[in-house]
Amino acid sequence: MKSAVSKRTLLAGFAVVALAPATSVLAHHGWGEYDSSRLLTLTGSVKEFDYANPHGTLRLATPDKTWFVILAPPSRMESRGLPRDAVKIGDQITVEGHASRSKVDELRAERVHVAGKVVELR
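Heads up: the sequence shown at position 52 corresponds to 59 in my numbering, and the numbers run straight through without jumps.
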């Protein structure tokens, strides 16, 4: 009986290891979700800003609606000239990017215009 429990434990361990990469892949969305045939330019006020992995995000209030903007990973933003303190709540910024095909208020940013500077994110 003891060996049967060990075999089950071993099989369960293998299953966890085998499924772990699939879970992380499913957790991160692909860029095919966004309409790359149309570049949108949004200008508005920053309502939220999160400089976190796997990529930064912000909420941008435009005259029409509030958008959820997907940015680049913090390391890329930092290396391209958009450090954490470059964007503050209440700042007026412009974001260029591609709208989500399924979420009416989501945009994947290609570039950010902040404080007279243009930062390429992709």
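Just so you know, even glycine gets a beta-carbon here, dropped at the ideal spot from N, CA and C. Predicted model only: the values in this text are computed from it and were never measured.
{"Check": "Helix, strand or coil, according to DSSP, for residue 52 in the structure here?", "Outcome": "strand"}
{"Check": "Helix or strand or just coil, what does DSSP make of residue 35?", "Outcome": "Residue confidence is low: residue 35 scores 49 on pLDDT, short of 50, so the model does not pin down where it sits. No coordinate-derived value is stated."}
{"Check": "If you compare alpha carbons, which of 74, 107, 123 and 81 is closest to residue 59?", "Outcome": "81"}
{"Check": "Given a cut-off of 8 Å on the beta-carbon distance, is the pair residue 95 and residue 73 in contact?", "Outcome": "no"}
{"Check": "Verify whether the separation of the beta carbon atoms of residue 116 and residue 104 is less than 8 Å.", "Outcome": "yes"}
{"Check": "What's the C-alpha gap between residue 42 and residue 106?", "Outcome": "6 Å"}
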